[in-house]
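Notes to accompany the following structure.
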Amino acid sequence: MSTHASHKKRSGLMDWLTTVDHKKIGILYLIAGGFFFIIGGIEAMLMRIQLIKPENDFVAAETFNQLLTMHGTTMIFFAAMPLIFAFMNAVVPLQIGARDVAFPFVNALGFWLFFFGGVLLNLSWLLGGAPDAGWTAYAPLSTTSGGPGVDFYVLGIQISGIGTLIGGINFLVTIINMRAPGMTFMRMPLFTWTAFVTSGLILFAFPPLTIGLFMLSFDRVFDANFFNPDNGGNILIWEHIFWIFGHPEVYILILPSFGAISEVVATFSRKRLFGYSAMVFATVLIGFLGFMVWVHHMFTVGLGPVANSIFAVATMAIAVPTGVKIFNWLFTMWGGKIVFSTAMLWAVGFIPTFVMGGVTGVMLAIPSADYQFHDSYFVVAHFHYVIVGGVILGLFAGLYYWYPRMFNRVLNETLGKIHFWTFFIGFHLTFFPQHFLGLMGMPRRVFTYLSGQDLDQLNFISSIGAFLMAIGTIVLLINIIISASKKYAPSSDPWNGRTLEWAIPYPTPEYNFAQTPLVRGLDAFWIEKAAGNKGMTPAEPVGDIHMPNPSILPLFMSIGLFSAALGLIYNTITVTIIGIIATFICMFLRSIIDDHGFHIHKEEVEDDLKGVKE
Amino acid sequence: MHADERLNDANFPKHPEKATLEGKNKFLGFWLFLGGETVLFATLFGTYLGLRHMNMDGPTTEELFKLPTVFLATMLLLTSSLTSVYAVLALKQNRVKSLQGWFFVTLLLGLCFLGLEVYEFNEYVHEGHTFTSSAFGSAFYTLVGFHGGHVAFGCLWIITLLVRNWNRGITLVNAPKYYLFALYWHFVDVVWVFIFTVVYLMGKVG
Ligand code: HEM
Ligand SMILES: [Cu+2]
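Chains as they are written, first to last, in full-length UniProt numbering: chain A, 1 to 614; chain B, 1 to 206.
Here's what the structure looks like:
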C-alpha cells in the first residue's frame with residue numbers, strides 16, 4: 001500500500017459485486033452476455049438437431065415452442081443487448097477522454113437489473129416451464145398460454161428493460177457532458193457516435209415496451225382486458241406496441257456493431273475513415289428512420305394498402321443511409337495498407353454478409369411479396385443474416401479488437417482465425433439454405449416437417465452448419481481461457497490505434513486518464529503519433545482525482561425486484577411486497593446517505609505516471 | 001469549498017442546481033428521463049384512445065365522469081405546480097425556510113389530489129366500472145392510475161428530501177435534488193392536463 005492511498009480497496013468477489021467502475025461493469029456485461037449467448041446457442045442447437053431430419057421426435061412440440069421462444073428472447077435481450085453494453089462501457093468513456101461515466105451508481109444498477117432479469121427468465125426452465133409464445137409474445141397466444149412461462153417472460157424482460165433504459169440515459173449524459181476538451185461532436189470516434197444514437201433509441205423505444213409488458217402482465221395476472229377481444233380488448237394494440245419497440249430495437253443492436261466495424265476497418269486499413277461526416281449523418285438518419293417502419297412487421301394483419309405502402313417506402317428508405325455506410329467502409333479499405341488481423345477478418349466478413357441481409361430486407365419490405373414470405377423460413381434467414389451476420393460478426397470484430405484494452409492481453413490470432421472461418425462458413429451453411437426452405441414453403445416456428453417435400457436436404461445442411469458455428473464458439477472459449485493464463489501483452493497499443501482508448505497504459509488505471517487529454521482533431525491519438533509525440537498532450541496539470549465509492553445497493557435493489565417478480569408469478573403477494581419494500585429501502589438509503597466518493601491523491605497519480613509499482 | 005457546505009449569500013451561484021458537474025449531469029439526465037416518461041405516457045394515451053369506447057355493458061364515459069370532482073382535482077394539482085415554482089424561486093435566492101414552506105404546501109396539495117382520486121375510483125367501482133369489467137376499464141385505470149402512482153411517488157420523494165435536508169440549508173448537493181423534484185412535479189402536472197382533456201373532457205363530449 002502506498003502511504004497516501006486514500007481509500008480501502010475491496011478485493012475478490014466483493015469488489016465485483018459492489019463495483020461502479022465502468023470498465024469492470026463492461027467486463028461483467030461481457031461475461032454475463034457471453035453466458036446467455038451460450039445458453040441461447042444451446043437452445044438453437046437443440047432446435048437444429050430436432051430439424052435435422054423430417055418427422056423427428058428428438059424434442060416434443062411443446063418443448064420446441066419453448067426452445068424457440070427462449071432462444072429468440074435470450075439472444076436479443078440477454079446476449080446481444082448486454083454485449084453491446086459491454087463494449088459501450090469498456091470503450092466509450094475512454095474514447096471521449098472521460099474519467100468516468102455520468103452516473104456510475106446507475107450504471108451498476110443497470111447491469112444488475114439486466115442480470116437478474118435474465119436469471120429470472122431462465123429459471124422458468126426449472127420452475128414450471130419456459131415461455132412458449134415466441135419472442136414477440138403475440139396476444140392472444142401469450143395471454144392464454146397456460147403455466148407460468150409467459151409470466152417469466154414478461155417480468156424478466158421488464159426488470160432487465162429498466163436496466164437498459166437507465167443505462168441508455170447514462171451514456172447519453174456521459175457523451176454530452178463529459179467529453180475531454182477539444183472533443184467536439186464531429187471529432188468523436190464512430191463507435192461513440194453509434195453508442196450515442198443507440199442510447200437515444202433506447203430512451204424512446206423502451207418505454208413503449210415497458211407499457212406493453214405492463215398491459216400483458218395485467219391481462220395475465222390481474223385479469224385486465226387489453227388484449228381480450230371478448231371483453232373489448234384488441235390484440236393489434238400489442239402488435240403495434242411491440243413493434244414500435246421491436247423495430248428500433250434491431251437498430252439499437254446493429255448501430256454499435258457498425259461503430260465497431262468502422263473503428264476496425266479504419267485501424268487495419270491504416271487510413272482515416274472515409275466520409276466521416278457522411279457516416280455520422282447516416283447513423284443519425286438510420287436511428288431516426290428506425291422509428292418509422294414498424295408496420296413492415298404487420299403487412300399481413302390487414303391495415304390496408306395505404307398504411308402498407310407508406311411503411312414499405314419508409315422501410316426501403318433505410319437502405320440509402322445503410323448503403324452510404326457500406327460504401328464508406330469499402331472506400332476506407334480502398335488503397336489502404338490492409339492488415340488481416342482476426343478483428344479485420346470479422347469486419348471484412350461482415351460486409352457482404354450484412355449486405356445480403358439488407359437485400360432480403362428490401363425484398364420483405366414489398367407488401368405484396370411479404371404475403372408470400374411472411375412467417376416462412378425466408379424471414380428466419382433474413383433476420384439471422386442481419387442479426388448474426390451483422391450484429392454478432394460486428395461484436396466479434398469488436399471483441400478481438402478491444403480485448404487487449406479490456407483485459408490487457410491479446411487473443412491468440414491463429415485460434416481467432418480458426419474461430420472466424422468455422423463460424424463464418426457455418427453461418428452461411430446454416431442460414432443460406434433457409435432462404436430456399438422459406439421459398440419452398442417451410443413455415444417458421446414449426447417443430448417438424450414432412451418427408452418427401454424436398455425439405456430434407458436443405459434442413460440437413462442447415463443443421464450441419466449450426467454444428468460448425470458451435471465448434472467455432474468453442475474455439476473462442478478455448479482462446480479466452482488460454483489468454484487468461486498469459487502475461488500482459490507487451491504494448492498497450494497493440495494495433496497502432498487511432499483513437500483515445502489506446503493512449504492509456506496497461507493496466508488501465510481506475511481513473512482512466514491521469515490527466516484529461518487535449519483533443520486536437522479526429523483520430524486524436526493518431527494525430528499525436530503522427531506529430532511524433534509519445535502520448536496525448538494533457539489539458540490539465542496532475543491533480544487529485546475524484547472517484548465514486550463502490551456500493552452494494554444496486555445488487556440488493558435488483559434482488560428486491562427479482563423476488564417481487566417471483567412473488568407475482570407464484571401469487572404469493574407477501575413475497576412481492578417484501579421485494580418491493582426491499583427495493584424502496586435501497587432507494588431510500590441511496591438518497592439519504594451522503595456519498596461524496598473519494599479522492600485519489602495527486603502523489604498517487606504521479607507515482608503511477610512514473611511507473612512506480614507497489 | 002466542499003460541495004456539501006451550506007451556501008451563503010456571498011458564494012451563492014446563479015444556478016445552484018447545475019453549478020457542479022454532478023449537478024449538470026443530473027439536470028440533463030433528468031430531462032432525458034422525462035423524455036422517456038413522455039413516450040411512456042404517450043403509449044398509455046394511445047391505448048386508452050383505442051379502447052375507450054369498449055365499455056361492454058358497463059357505464060359509458062358520459063355517464064361516469066363527474067366534472068366538478070375532476071375540476072377540483074385539476075385545480076389542486078395546478079396550484080401545487082405553482083407552489084413548487086415558488087419553492088424553486090426561493091431556492092435560487094437561498095431562502096431555505098421559504099423553500100421548505102412552499103414544498104410543504106406542494107406536498108399537501110399532492111396528497112389532497114390523491115385523496116380525491118381514491119374517492120373518485122371508489123365511486124366508479126360502485127357504479128360497475130372496474131379494472132376487469134371491460135377493456136375501457138383496464139385502459140382507464142391503468143392510464144389514470146399510472147399518473148396517480150407518479151403523484152404518490154413524488155410525495156414520497158419530497159418528504160424524503162425535506163426530512164433529510166431539514167437543517168442543512170441549501171448546498172450544491174441538494175440544490176439539484178430540489179430542482180429535479182420540481183421538474184418532475186411539473187411534468188406530472190402537464191400529464192394531468194392531458195388526462196383532463198383526453199380522458200375527461202373528451203369523455204364528456206363523446
Ligand atoms: C448461433 C447460431 C444460431 C442458430 C443455429 C439459430 C437458429 C434459430 C432457429 C432454428 C430458430 C427458429 C426458427 C423458426 O423455427 O422459426 C431461430 C429463431 C430466432 N433466432 Fe436464432 N439462431 C442462432 C443465433 C441467433 C442470434 C445470435 C440471434 C440474436 C442475437 C438470434 C435471434 C433469433 C430470433 C429473434 C428468432 C425468432 C424467434 C421467433 O420466431 O419468435 N438467433 N434461430
Ligand atoms: Cu423491422
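The beta-carbon is built from N, C-alpha and C at its ideal position, and this holds for glycine as well.
{"Item": "Candidates A:90, A:401, A:91, of which the one nearest residue 344 of chain A by Cα", "Value": "A:401"}
{"Item": "Sufficient close CB pairs (3 or more, under 8 Å) joining the segment 484-495 of chain A to the segment 379-390 of chain A", "Value": "no"}
{"Item": "Distance, residue 35 of chain B Cα to residue 277 of chain A Cα", "Value": "27 Å"}
{"Item": "Complete alpha helix (DSSP H) runs within the segment 437-513 of chain A (minimum length 4 residues, chain order)", "Value": "456-484"}
{"Item": "Residues of the segment 122-147 of chain B whose Cβ lies closer than 9 Å to any Cβ of chain A, in chain order", "Value": "131, 132, 133, 134, 135, 136, 137, 138, 139, 141, 142, 146"}
{"Item": "Residue 69 of chain A beta carbon less than 7 Å from that of residue 135 of chain A", "Value": "yes"}
{"Item": "Minimum length 4: unbroken alpha helix (DSSP H) runs contained in the segment 292-352 of chain A", "Value": "305-333"}
{"Item": "Test: residue 32 of chain B CB closer than 7 Å to a CB of chain A", "Value": "yes"}
{"Item": "Neighbouring residues, chain A, relative to residue 164 of chain B (Cβ below 8 Å)", "Value": "591, 592"}
{"Item": "Nearest-angstrom Cα separation, counted from residue 17 of chain B out to residue 203 of chain B", "Value": "40 Å"}
{"Item": "Rounded straight-line distance, which links the Cα of residue 50 of chain A to that of residue 59 of chain A", "Value": "6 Å"}
{"Item": "DSSP-derived helix/strand/coil call for residue 52 of chain A", "Value": "coil"}
{"Item": "Residue span of the alpha helix (DSSP H) that contains residue 64 of chain A, given as start and end", "Value": "61-73"}
{"Item": "Any C-beta of chain A under 7 Å from that of residue 198 of chain B", "Value": "no"}
{"Item": "Within-7 Å CB hit, residue 43 of chain B to chain A", "Value": "yes"}
{"Item": "Chain A residues whose Cβ lies nearer than 8 Å to that of residue 149 of chain B", "Value": "Result: empty, since nearest Cβ-Cβ is about 11 Å, beyond 8 Å."}
{"Item": "Cβ-based neighbour list, residue 131 of chain B, same chain, cut-off 7 Å, excluding 5 preceding and 5 following", "Value": "137, 138, 141"}
{"Item": "Local Cβ density within 10 Å of residue 2 of chain A, reported as buried at 16 or more and exposed below that", "Value": "Annotation note: pLDDT 39 at residue 2 of chain A (below 50); position unreliable, no value reported."}
{"Item": "Residue(s) in a DSSP beta bridge with residue 538 of chain A", "Value": "A:517"}
{"Item": "Spatially closest choice to residue 203 of chain A from B:5, B:13, B:37, by CA coordinates", "Value": "B:37"}
{"Item": "Residue from A:36, A:372, A:555 whose Cα sits closest to the Cα of residue 582 of chain A", "Value": "A:555"}
{"Item": "Reference residue 129 of chain A, options A:451, A:454, A:64, closest by Cα", "Value": "A:64"}
{"Item": "CB of residue 98 of chain A within 7 Å of CB of residue 29 of chain A, strictly", "Value": "no"}
{"Item": "DSSP bridge partner residues for residue 547 of chain A (one or two, in chain order)", "Value": "A:598"}
{"Item": "Cutoff 7 Å: residue 202 of chain B Cβ touching any chain A Cβ", "Value": "no"}
{"Item": "Residues bridged to residue 563 of chain A (per DSSP)", "Value": "None; residue 563 of chain A has no bridge partner."}
{"Item": "beta-carbon residue 382 of chain A near ligand 2 non-hydrogen atom, thresh 6 Å", "Value": "no"}
{"Item": "CB contact flag (residue 579 of chain A, residue 560 of chain A, <7 Å)", "Value": "yes"}
{"Item": "Counterpart residues of residue 376 of chain A in DSSP-defined beta bridges", "Value": "A:443"}
{"Item": "Cβ pair count under 8 Å reaching 3, the segment 35-44 of chain A against the segment 91-106 of chain A", "Value": "no"}
{"Item": "Collapsed DSSP secondary structure at residue 188 of chain A in the structure displayed", "Value": "coil"}
{"Item": "Member of B:117, B:134, B:41 whose CA lies at the smallest distance from the CA of residue 224 of chain A", "Value": "B:134"}
{"Item": "Of the residues A:81, A:460, A:186, the one placed nearest residue 53 of chain A, counting alpha carbons only", "Value": "A:460"}
{"Item": "Nearest-angstrom Cα separation, counted from residue 59 of chain B out to residue 663 of chain A", "Value": "Outside the shown range of chain A (1 to 614) lies residue 663 of chain A, about which nothing can therefore be said."}
{"Item": "Neighbouring residues (CB closer than 7 Å to any heavy atom of ligand 2)", "Value": "A:243, A:246, A:247, A:250, A:293, A:294, A:296, A:297"}
{"Item": "Supposed close pair residue 629 of chain A, residue 475 of chain A - CB separation, criterion 8 Å", "Value": "For residue 629 of chain A there is no data in the structure shown, the boundaries of chain A being 1 and 614."}
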